[in-house]
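Engineer:
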Amino acid sequence: MTGLFRLPPLPDEFDEYTAQTVLPEFTPRFFVPPMLDKPQNPIMDTLKLRAPIAPVPTPLRLALATELAPLMRIQTVPKLNDSIWTDAVKTGFARSEILSWDALRPNYSGHPVPNPFISEQDKLVFAAARYYVQPRLNDPGIEVKYVTQHELLTALKMTVLGTSSPLHTWDPVSETFVQIVAEKGTRGILLVDDKDEVVSKSWISGFLTIGTLMRRLEILLASLGSRFAKEGPTIHAFTHALSTILSFVRESLARCSPREGQLSITLSAVWNEYEPYQDILVSLAALCGRAEQKSPRDYVMLDPAPINLLSLLYDHLHSHMEQQSPTMVTAVSAFILTSASREYFQQLSRSVGFGGDSSVKKPARVVGEQDQYALDVSDDGIEERPDEVDSIIDSFPTFFPPNVVNVLPAAQKSLILLRAAEPDHPLLRAPPAHCIVQWFWAWDEVEAAWNHRDERPAPKQPARRLEDSPVDGNEPGLAQFRIFDLEPGGHFGHTLLDDKHTPTPISALQNFIDTFPKSLHPITPTLSHLTSLVFERLVQHASTLSSTLLSLFMSPAAPLQFRPHMELLHSYLLLAAPSFRSRLAAALFSDSQGYDADEAIPVSVRTIGARRKAPEKRDRVHRWPVGLSFALLERETWPPVGADLSFFLRTVIVDSFEVPAERRLAEAEGDGAPSIRETFWVEAERRLGFAIRDLPTGPGHDQWLNPLSIEALDFLYMDYKPPHPLDILITPEILSKYQRMFTYLLRIIRVEHALAAVFRMCRPAARPLFPTFTPSNKLLLHFRFIAHAFVSTLSEYILDTAIGGNFDPFLASLSLSQPAYDGHSLGFSDVFALAKAHSALMDDVLSACLLRSSQRAAGDLLRQALELVLEFAVLVGERKTGRLEEYEAAPRLGDLAGRFRAKMRAVTKALKALLDKEPVLGGEGLGGSSAQGPGQGQGRRPTGGVRAIAHLCESLSEWWSS
């Protein structure tokens, strides 16, 4: 035994222990707990569901025997290496020491498991464990197919390209990819290696989405090409852009995993390559109404109209920018909008002469040689407008800024009018080719547009191709040396193998995506700001075009000055010229005492020319239409027709024109040319004339057929044919307002002449009309006085306040000095604003005369008051001619006087009600502040429409309302 265990000698400190004869006591190595003092029930103890939680007792450590203590002393402590953990990982175990039935399969590798989690072990082990824990129930309606990862990826790569694969086929009814099953009517489930049904379906669904949307969009492309073959360039550009994107996506998907020679790759890495293209296809499908959730019967076909299509594309891009979609998705949406709107923007630019050739073939404008101002029994004979007006674009996409929508229609019309007014104007010349409107997204392009500089490269001349090089056809062997005939650097962009290299649409799309910014420039932080910057140059050009045309109409030196035409309308259609008013009154009206006044009555034009007079006594059986000219009643028919009326009215117009002395001198000497103003008045003689309108003849509308009525001359009106392009400022609608005023003024002149005839008939004091009825005679004189005061006040108000008070400030706004046209200091933005101001001017005149439809009640009262005055004059005429006896006329006179007083009280009350109903605003006038020209605010302000009625109320006597 001594040879087996060699113990070291005991040290000296152990001598005291060896001298002891008693050994140390051993402590017990176990513990027996005392039993509880209660009866035990083994059955209840067995039924306990869980053992009570109790702390694990710490085992008692026995004190080491004294004689074994030296055994614990270690002579030397080995030195530990610092790389102990690294060495442990490198060494490992050669084989797994876990014994299980799984180790008996042939493909068991035997490698040790890195950790105890089942999901981290071999995929087949994990699949077997999951199948054991959750066994699949046998369902005859479900067909389960197990595939490996490589088989699935190979099949799905075919599916994402829109073609059928060994696992999925295209269903034309639902337009989706479905799994191929052995038995018809069953549902297929694919399980990938170690993935369960949920994970497999979730992962495969992304690839099926790509394939389904790709196939649906390809079908849509085919239908767009066949259905909208003649719908214009916008839908074709959209179709081409969509086709380019699908080709780009298809080529990109073909380059994704799995590739040839790729040994292993995880499914998450594969999906990371395909996910960006799924986002693109989902976005395109939502745009085209082909979302995966929709069935074919719920498809909505795109609207091919350019306005609706571009609005849809813009809203789609705006939603992606607001949602912070991936940059590639936003870039693709911007590419579609840029491509689809390019031709529409060019067409819009050409419509205002901006960019490219702005010349448009002008239609031949034939002017009739016949005298168009003779008495015409037809309608107005309005001159036809040019055909270009029909091509004006007045509706725009929803994303157009308001200033663009407001300025473009006016600019298009201004361009047409400018071509007609001054075809050789410098503004009509074609601008440089780079002045085009198009979308730009790069930051440098935004900065260039903001700073008003053009950094886009000028179009270069195409380099000479290799095949264009001069080569002797008789020596074909020299063709291979054609590259040496090119200019230096001319061979860049193509290779020797392909000398016809040109950028493809796919490469252009790739370049667009690569250069598209991740965010918009801070100068244009939103898409609406960028849109305004894109149209900035177009708006500037349109504004310049409109102001240029306006200067041609406002400049005093221009042949198409607008002011002389306004003076002509004011003088003749509104009877402001005293010479024309007096001649017209002499031709149509008379204030003679009656038929017995020995008045010379012209019977024909020939007798007028010969100045022969033959007094004729009129038949006293017919009632006398007091105030009308006897020449109009010669044929005893109404309305008068024939050459007499035509001759009278033509001479009225011709004789009223005053020929300037300078023109007579120039014509006499023969060495001077007429001025622009003289030429205008010469042309005005051919453009101004009288005409007869057709009026209704039904019950209640035939008053114009009665010469005793105040409406007897309503069939006669004056017409004016403004020259083109001034007809945009004097439209038929505006002329109709002038003609309404002309008719109204004829009624007032008729009543004035009727009252003048009453004065003549009452002038002889020795022969009163009521010799025996003295009160009736006094009533006659009183009625004559108040009627004359009323008519005079009304006539003065209409000519001076309603017409003159509005026309004079408007004409003053047209009398501007020449420097005012150099900038934008005009009072009107364009000629159409001037036309609106002209129309508003006539609206104010009509309102001041109570001729608007909203003032029908007050206007009818005023007309009825004038009718009572005319009826009073007719009554006096009948008493003068003896058709009425004194006792018959007296009660009718009293009745007329009472009715006139009541009517005048109603008129004043209605006028005050109008003033109270529509309070006058400080800015009211010619349609607002736009009707006033520059510097007009310092001069006379227009009296306005309803505001002018206050002057009429002040002019009428207060006792009418008492």
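Residue numbers (my numbering): 1152 to 2113.
Cβ atoms here follow ideal geometry from the backbone N, Cα and C, with glycine treated the same way.
Compute the distance between the beta-carbons of residue 2117 and residue 1851, then report whether it is under 9 Å.
Structural biologist: An answer regarding residue 2117 cannot be provided, because it is not within the stretch 1152 to 2113 covered by the chain.
Engineer: Looking only at DSSP bridge pairs, what is residue 1319 linked to?
Structural biologist: According to DSSP, residue 1319 bridges with 1330.
Engineer: Can you tell me which of the three DSSP states residue 1867 falls into?
Structural biologist: If DSSP states are grouped into helix, strand and coil, residue 1867 belongs with the strands.
Engineer: Quick check on the DSSP output: what are the complete alpha helix (DSSP H) runs of length 4 or more inside the stretch 1370–1448, in order along the chain?
Structural biologist: Entirely contained in the stretch 1370–1448, the alpha helix (DSSP H) runs reaching 4 residues are, in chain order, 1384–1405, 1418–1439.
Engineer: Look at residue 1846 and residue 1866 and say whether their C-beta atoms are less than 9 Å apart.
Structural biologist: Cβ distance < 9 Å, so residue 1846 and residue 1866 count as in contact.
Engineer: Which two residues bound the contiguous beta strand (DSSP E) that contains residue 1131?
Structural biologist: Look at the range of the chain in this structure, 1152 to 2113, and you will see that residue 1131 is not part of it.
Engineer: Does residue 2114 come out as helix, strand or coil in the three-state DSSP assignment?
Structural biologist: This structure does not reach residue 2114, given that the chain is present from 1152 up to 2113, and the question cannot be answered.
Engineer: Which word fits residue 2099, buried or exposed, when buried means at least 16 other C-beta atoms lie within 10 angstroms of its C-beta?
Structural biologist: So residue 2099 counts as buried.
Engineer: Just verifying my parser: in three-state terms, what is the DSSP assignment at residue 1296?
Structural biologist: Residue state, collapsed to three classes: strand.
Engineer: For residue 1460 and residue 1365, what's the separation of their Cα atoms in angstroms?
Structural biologist: Computed Cα separation, rounded: 21 Å.
Engineer: Distance, Cα to Cα, residue 2065 vs residue 2004?
Structural biologist: The straight-line gap from Cα to Cα measures roughly 13 Å.
Engineer: Assign residue 1194 to buried or exposed, taking buried as 16 or more other Cβ atoms, counted over all protein chains shown, within 10 Å of its Cβ.
Structural biologist: Under this definition residue 1194 is an exposed residue.
Engineer: Rounded to the nearest angstrom, what separates residue 1469 and residue 1338 at their Cα positions?
Structural biologist: Residue 1469 and residue 1338: Cα-Cα distance of roughly 41 Å.
Engineer: In the DSSP assignment, what residue or residues form a beta bridge with residue 1856?
Structural biologist: For residue 1856, which the question treats as bridged, DSSP gives no partner whatsoever.
Engineer: Classify residue 1836: buried if its beta carbon has 16 or more other beta carbons within 10 angstroms, exposed otherwise.
Structural biologist: Residue 1836 should be labelled exposed.
Engineer: Leaving out five residues before and five after residue 1776 in sequence, what residues of the same chain have Cβ atoms less than 6 Å from its Cβ?
Structural biologist: Around residue 1776: 1858, 1859.
Engineer: Can you list, in chain order, the residues of its chain whose CB lies under 8 Å from that of residue 1923, leaving out five sequence neighbours each side?
Structural biologist: Result list for residue 1923: 2037, in chain order.
Engineer: Tell me the rounded alpha-carbon separation between residue 2044 and residue 1791.
Structural biologist: Taking the straight line from one Cα to the other gives about 30 Å.
Engineer: Spell out a yes or no on whether the stretch 1553–1565 and the stretch 1474–1483 are touching, meaning 3 or more CB-CB pairs, one atom from each, closer than 8 Å.
Structural biologist: The answer is no - the stretch 1474–1483 does not touch the stretch 1553–1565, with fewer than three Cβ pairs under 8 Å.
Engineer: Quick check on the burial criterion: 16 or more other C-beta atoms within 10 angstroms. Buried or exposed for residue 1548?
Structural biologist: It counts as buried.
Engineer: Using C-beta distances below 7 Å, list every residue in its chain close to residue 1951, excluding the 5 sequence neighbours before and after it, in chain order.
Structural biologist: Nothing meets the Cβ criterion.
Engineer: Could you tell me how far apart the beta carbons of residue 1307 and residue 1358 are, in whole angstroms, since I believe they sit closer than 8 Å?
Structural biologist: Right, their Cβ atoms sit about 4 Å apart.
Engineer: Just the C-alpha distance for residue 1659 and residue 1498, rounded to the nearest angstrom, thanks.
Structural biologist: Straight-line Cα distance between these residues: approximately 23 Å.
Engineer: What is the residue span of the beta strand (DSSP E) that residue 1962 lies within?
Structural biologist: Element bounds for residue 1962: not the beta strand (DSSP E) but the alpha helix (DSSP H), 1956–1965.
Engineer: Below 9 Å between beta carbons: does that hold for residue 1403 and residue 1421?
Structural biologist: Contact: no.
Engineer: Grab me the residues of residue 1885's own chain with a C-beta within less than 7 Å of its C-beta, minus the 5 sequence neighbours each way, in chain order.
Structural biologist: Closer than 7 Å at Cβ, skipping near neighbours: 1989, 1990, 1993.
Engineer: Assess, as a yes-or-no matter, whether the stretch 1891–1901 is touched by the stretch 2002–2022 under the definition of 3 or more beta carbon pairs within less than 8 Å.
Structural biologist: Segments in contact, yes.
Engineer: So, are the CB atoms of residue 1344 and residue 1392 less than 9 Å apart?
Structural biologist: No, they are not a contact pair.
Engineer: Please confirm if the stretch 1901–1914 is in contact with the stretch 1865–1880, defined as three or more CB-CB distances below 8 Å between the two stretches.
Structural biologist: No contact exists between the stretch 1901–1914 and the stretch 1865–1880.
Engineer: Do you know offhand how far residue 1505's Cα is from residue 1314's?
Structural biologist: Rounded to whole angstroms, residue 1505 to residue 1314 spans 48 Å at the Cα level.
Engineer: Can you check which of these residues, 1937, 1907, 1960, 1983, is closest to residue 1882 by C-alpha distance?
Structural biologist: Ranking the options by Cα distance to residue 1882, first place goes to 1983.
Engineer: Using 9 Å as the threshold, is the C-beta distance between residue 1441 and residue 1450 below it?
Structural biologist: Cβ distance < 9 Å, so residue 1441 and residue 1450 count as in contact.
Engineer: Can you list, in chain order, the residues of its chain whose CB lies under 8 Å from that of residue 1931, leaving out five sequence neighbours each side?
Structural biologist: If we look at residue 1931 and ignore the five residues flanking it on each side, its Cβ neighbours are 1913, 1920, 1921, 2027, 2044.
Engineer: Would you grab the beta carbon distance between residue 1783 and residue 1739 for me? Rounded to a whole angstrom, and I think it's under 8 Å.
Structural biologist: With 8 Å as the limit, residue 1783 and residue 1739 qualify as a contact, their Cβ atoms being about 7 Å apart.
Engineer: Report the three-state DSSP secondary structure of residue 1783 (helix, strand or coil).
Structural biologist: Correct three-state label for residue 1783: helix.
Engineer: Tell me, to the nearest whole angstrom, how far the beta carbon of residue 1703 is from that of residue 1709; I am working on the premise that it is less than 8 Å.
Structural biologist: With a Cβ gap of about 5 Å, residue 1703 and residue 1709 count as contacting.
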